[in-house]
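Here's the structure, in structure tokens; my notes come after.
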Amino acid sequence: MASKFLEEIRRHIRMRGYSLKTEKVYLYWIKYFIRFNKLKHPKDMKENEVTAFLSYLANEQYVAINTQKAAINAIVYLYKQFLQTPLGDLGFTYAKKTRKLPNVLTANEVQLILSHLSGVNHTIFSLLYGSGLRVNECLRLRVQDLGFTNLSLTVRDGKGKKDLVTLLSPTLICTTLHHERH
1 MASKFLEEIR
11 RHIRMRGYSL
21 KTEKVYLYWI
31 KYFIRFNKLK
41 HPKDMKENEV
51 TAFLSYLANE
61 QYVAINTQKA
71 AINAIVYLYK
81 QFLQTPLGDL
91 GFTYAKKTRK
101 LPNVLTANEV
111 QLILSHLSGV
121 NHTIFSLLYG
131 SGLRVNECLR
141 LRVQDLGFTN
151 LSLTVRDGKG
161 KKDLVTLLSP
171 TLICTTLHHE
181 RH
């Protein structure tokens with residue numbers, strides 16, 4: 001039963017011009033959904049079964065939010081496009097987006113990196129680390145952006161296309177001036 005049914009879905013997806021990757025993803029999640037519901041035909045299932053499946057993915061399988069969205073898209077396609085029976089309100093639990101904390105180098109790690117650099121590379125890394133600049137912001141810097149007298153650094157067209165003024169380390173000024181002279 002499932003094999004013929006899935007082949008019909010495959011043909012339906014292809015006739016609509018979906019990518020091969022989308023086809024594979026949709027078929028995977030539709031198969032998973034059917035297996036989860038003990039091989040029950042999707043025509044015989046309603047919102048309750050869909051909600052239970054999507055909540056299971058979030059609460060017991062701990063899938064990422066984008067994985068759950070792929071499953072939702074596949075099931076919505078199955079019901080809305082293929083079976084032409086749109087689903088009502090699905091009150092399921094959404095997967096939680098994991099927040100990654102940034103990796104921060106210790107002072108010793110920074111010193112170790114700096115000890116292996118010299119010249120322009122040392123100055124650039126010091127500028128990135130000491131002023132908190134992004135790589136693109138550092139690449140666009142000009143000498144006139146460095147305020148040697150008031151220890152400031154002007155970043156033009158930074159994030160959000162805004163100009164910002166930040167602090168410049170006195171040690172970095174000495175390094176930069178030394179580099180400019182040589």
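So for the sequence shown, UniProt numbering puts the first residue at 1; every next one is plus one. Where a beta carbon is used, it is the ideal one built from N, C-alpha and C, also for glycine.
Rounded Cβ spacing between residue i and residue j (contact assumed at less than 8 Å)
| i | j | result |
| --- | --- | --- |
| Asp145 | Arg156 | 7 Å |
| Ala95 | Val25 | Not really, about 16 Å apart at Cβ, beyond 8 Å. |
| Leu168 | Ser131 | 6 Å |
| Lys38 | Leu6 | Incorrect: roughly 17 Å between the Cβ atoms, too far for contact. |
| Leu112 | Thr51 | With 8 Å as the limit, Leu112 and Thr51 do not qualify as a contact, their Cβ atoms being about 53 Å apart. |
Local conformation of residue i per DSSP, three classes
| i | result |
| --- | --- |
| Leu146 | strand |
| Leu6 | helix |
| Thr166 | strand |
| Ser118 | coil |
| Val25 | helix |
| Thr154 | strand |
| Met45 | coil |
| Thr98 | coil |
6 Å CB neighbourhood of residue i in its chain, flanking five on each side removed
| i | result |
| --- | --- |
| Glu23 | Ile13 |
| Val143 | none |
| Thr166 | Ser131 and Leu153 |
Status (buried if at least 16 other CB within 10 Å, exposed otherwise) for residue i
| i | result |
| --- | --- |
| Gln61 | exposed |
| Gln68 | buried |
| Phe148 | exposed |
| Pro42 | buried |
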